[in-house]
Amino acid sequence: MELSPETVKTLLDEGIQLAYKIVPSLIYALLFYFLGKFLVNKFLSGFQKILERRDSNPSLNTFLVGLVKAILFVSLFIGVATILGVPMTSFLTILGAAGLAIGLALQGSLSNFAGGVLILLFKPFKVGDAITGKGFTGVVRKIDILYTHMTTFDNQEVIIPNGALANSEVVNLNSQPTRRSEIKVGVAYGTDLKKAREVILQVVSQDERIHKEPAPVVWLSGFGDSSLDLIIRIWTDTPDLWPVHWETMEKIKEAFETHDIEIPFPQRVLHHVKQD
């Protein structure tokens with residue numbers, strides 16, 4: 001099929017007019033993109049250095065840099081599309097629909113992701129802390145953006161989703177510099193309680209790791225079936241809590257033996273009634 005000279009001339013004129021419209025927009029869009037990319041990279045480099053100077057969590061730094069990078073580049077592409085004349089309504093509709101679909105598909109992961117952000121930002125615990133959460137007690141080894149890794153005291157590795165930790169009670173066992181230990185011991189009925197209390201206080205006074213303030217106390221806490229129940233409360237530095245607890249129990253046992261203070265065991269007295 002041959003085109004007439006008039007048709008060819010018309011097509012050329014329309015092509016030239018279209019080029020006059022498109023080429024400047026394309027040049028502006030390219031200039032905007034490369035200049036914007038340069039500025040975004042400069043900003044991200046400075047932002048990362050600021051985060052590193054703050055000595056914050058590396059996982060949080062990576063997340064924040066990635067989030068800011070995504071926001072800036074999406075904004076950059078929207079700007080380029082606007083210069084090229086792309087309808088923003090359709091573009092944003094497609095972007096919103098894609099975001100909704102991804103959110104529904106990754107609902108559980110997004111919950112863990114949000115939990116990780118909250119943990120890294122508000123720091124209810126940090127690497128090295130001993131915590132109790134979701135039925136596990138152990139030392140936190142690593143906090144990722146999705147999961148928290150901890151090692152239990154019997155050397156099991158537990159990986160807990162951050163969403164579960166962020167939405168439940170977590171006990172931080174060593175966030176405070178000092179901790180109180182409670183030791184329970186029973187003495188036989190008929191024991192001189194004043195003497196038992198003096199022996200216990202003498203034992204705890206000899207351990208320099210036990211604080212003088214708040215002062216150690218010994219109270220009668222109850223009347224058991226076979227014993228008078230005593231409770232000893234002592235304060236120590238957090239790292240010394242359990243070593244002092246176990247050692248003090250042993251020392252009290254030895255001191256009771258030395259001072260003839262009986263630690264009773266359950267007994268049952270039977271009365272035999274002789275029938276005629």
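Just so we're aligned, residue 1 is where the sequence shown starts under this note's numbering, counting upward by one. Quick reminder that beta carbons are idealized off the backbone N, C-alpha and C, glycines included.
With contacts defined as CB atoms closer than 8 Å, Pro214 and Val204 fail to qualify as a contacting pair.
Counting only residues of its own chain and dropping the five nearest sequence neighbours on each side, Phe32 has a CB closer than 7 Å to the CB of Gly79, Val80 and Ile83.
Boundaries of the alpha helix (DSSP H) harbouring Val199: Leu193 to Ser205, taken from the DSSP string. Using a 10 angstroms sphere on the CB of Tyr147, the tally of other CB atoms reaches 16 or more, which defines it as buried. Contact between the region 220-231 and the region 162-179 is not established, with fewer than three Cβ pairs separated by less than 8 Å. Per DSSP, Ala70 has no beta bridge partner at all. Excluding the 5 residues flanking it on each side, Thr248 has same chain C-beta neighbours closer than 8 Å at Ser181, Ile183, Val203, Val204, Asp207, Ile210, Ile232 and Ile234, in chain order. A check of alpha carbon separations from Ser111 across Val140, Ala188 and Pro161 identifies Pro161 as the nearest. Phe34 and Gln48 have their C-alpha atoms spaced approximately 21 Å apart. In this structure the region 187-196 does not lie against the region 133-153, because fewer than three pairs of beta carbons, one per stretch, are closer than 8 Å. In the three-state reduction of the DSSP assignment, Ile27 falls in the helix class. Under DSSP, the beta-bridge partners assigned to Asp237 are Thr178. Here DSSP, grouped into helix, strand and coil, assigns Tyr33 to helix. Between Gly133 and Ser168, the CB-CB gap stays under 8 Å. Ranked by Cα distance from Phe122, the first of Leu60, Phe38 and Arg53 is Leu60.
For Ala130, the enclosing beta strand (DSSP E) covers residues Ala130 to Gly133. In the DSSP annotation of this structure, Gly138 is not part of any alpha helix (DSSP H); the continuous beta strand (DSSP E) holding it starts and ends at Phe136 to Ile143.
Taking Val218 as reference, the option from Ile71, Glu198 and Gln156 with the minimal CA-CA separation is Glu198.
Just so you know, the alpha carbons of His245 and Val185 end up roughly 13 Å apart. Across the structure, Thr236 and Glu52 are spaced so that their CA atoms are roughly 35 Å apart. The beta carbon of His259 sits closer than 8 Å to those of Lys195 and Val199, all from its chain and outside the five residues before and after it, given in chain order.
Residue environment for Ile131: buried (at least 16 other C-beta atoms within 10 angstroms of its C-beta).
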